[in-house]
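Enquirer: I am attaching a structure below and will ask some questions about it afterwards.
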Amino acid sequence: MTHAPSWSEDLKALTRAAVEDLDVTPRGDGVYFKHIRAGFGIISFGDLVSGRLKLRDTDTGDVTTFADADALIEAGWVID
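Counting from 1, one number per residue, gives the positions in the sequence shown under the working numbering.
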């Protein structure tokens, strides 16, 4: 039986700290995330500070809004 790929618990914890406690240094005007399967995304630092988790996929430009850090992680995203 094969298991779906998953990020390490440490990386998930770093992501929660970045999103919930703003324990992150932005690059430019955003905070970058990576996806478990492929691709990268960015949340503007302004949105993050305001509690809005609006992630823009850097490849497609699609924007997805997440309710909280756990929803972001469950969808396969972690801090890059």
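Glycine is no exception: its CB is placed at the ideal position from the N, C-alpha and C atoms.
1) Comparing alpha-carbon positions, which option in His3, Leu11, Arg56, Gly76 lies nearest Pro45?
2) Hey, how far is the Cα of Asp47 from the Cα of Lys54?
3) Please determine, among Gly39, Val49, Lys12, the residue with the shortest C-alpha to C-alpha distance to Asp59.
4) Classify Thr15 as helix, strand or coil using the three-state DSSP reduction.
5) Rounding to the nearest angstrom, what Cα-Cα distance links Gly30 and Ile79 in this structure?
Expert: Straight from the coordinates:
1) Numbered from its first residue, the sequence shown carries residue 45 at position 45. In the sequence as displayed, the identity of residue 45 is Phe instead of Pro. Comparing Cα positions, the closest option is Arg56.
2) For the purposes of this step, residue 47 is identified with residue 47 of the sequence shown, where counting begins at 1. For the purposes of this step, residue 54 is identified with residue 54 of the sequence shown, where counting begins at 1. Between Asp47 and Lys54, the C-alpha separation is close to 7 Å.
3) Indexing the sequence shown from 1 puts residue 59 at position 59. Out of Gly39, Val49, Lys12, Gly39 has the C-alpha closest to the C-alpha of Asp59.
4) Locating residue 15 in the sequence shown gives position 15, counting from the first residue. DSSP, reduced to helix, strand and coil, places Thr15 within a helical segment of the structure shown.
5) Residue mapping note: residue 30 aligns to position 30 of the sequence shown, counting from 1. Residue mapping note: residue 79 aligns to position 79 of the sequence shown, counting from 1. Gly30 and Ile79 have their C-alpha atoms spaced approximately 11 Å apart.
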